[in-house]
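To start, the structure under review is shown below, and the notes come after it.
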Amino acid sequence: MHDLDDIPTPRGELALKLVTRRQDTNLYGDIPGGWLIAQMDQAAELAAGRLARGRTATVATEGMDFLCPVRVGAMVNIFTHVSEIGRSSIKIDVEVWIRPPHERNPEERYKVTEARFVMVALDDNGRIRPVPDA
């Protein structure tokens, strides 16, 4: 994976786009990191599932730092980029970008975090299987 970057544009394709809601908050009214990680995992699974042509599971995540808080009403954009395809595994780089509520410039986005998700292809019995050739 690459170091956290200063490039102000997302890398990969948009996999999920959602708005944070009050019921997503912690006791202090912020969106917790665990909620973001769950959304990132879902985006990685969508991307890996297309390549694997079926069921996948997360076996590891590599490196994650949070760069800014996420507030209620923020538009969360999750981007995925396939970085490596192995015999049964797929490595997906996932980035989270937000557009805060009431942002004056509607095109302005801020990077929140990024991580690499390692996914494996599974058969119908939940056993690891090869990733089909593209």
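Taking UniProt numbering, I'd label the letters of the sequence shown as residues 1 to 134. The C-beta atom is built at its ideal place from N, Cα and C for all residues, glycine as well. These numbers come from a predicted model, not from an experiment.
{"query": "Any idea what DSSP makes of Asp-93, helix, strand or coil?", "result": "strand"}
{"query": "With 16 as the cutoff for other CB atoms within 10 Å, does Asp-128 come out buried or exposed?", "result": "The amino acid at residue 128 is misidentified as Asp; the sequence shows Ile. Exposed is the call here."}
{"query": "Note down the Cα distance separating Asp-24 from Leu-122, rounded to an integer number of angstroms.", "result": "30 Å"}
{"query": "Using 8 Å for Cβ pairs, my map puts Glu-114 next to Glu-95. What's the rounded Cβ distance?", "result": "4 Å"}
{"query": "If you count every other CB in all the chains shown that lies within 10 Å of the CB of Leu-18, and 16 or more means buried, which is it?", "result": "exposed"}
{"query": "In the UniProt domain \"HotDog ACOT-type\" (10-125), which residue ranges form an unbroken beta strand (DSSP E) of at least 3 residues, counting only runs that do not cross its ends?", "result": "13-19, 56-62, 75-85, 89-99, 110-121"}
{"query": "Any contact of the stretch 42-54 with the stretch 78-88, i.e. 3+ C-beta pairs under 8 Å?", "result": "yes"}
{"query": "In angstroms, rounded to a whole number, what distance separates the CA positions of Asp-124 and Ile-92?", "result": "22 Å"}
{"query": "Hey, out of Arg-104, Ile-98, Val-120, whose CA is closest to Lys-111's CA?", "result": "Ile-98"}
{"query": "Got a sec: does the ligand MG put a non-hydrogen atom nearer than 7 Å to the Cβ of Asp-24?", "result": "Ligands are entirely absent from the displayed structure, and the ligand MG is therefore not among its contents."}
{"query": "Leaving out five residues before and five after Ile-85 in sequence, what residues of the same chain have Cβ atoms less than 7 Å from its Cβ?", "result": "Leu-51, Val-131"}
{"query": "Give me the Cα-Cα distance between Asp-30 and Met-75, rounded to the nearest whole angstrom.", "result": "14 Å"}
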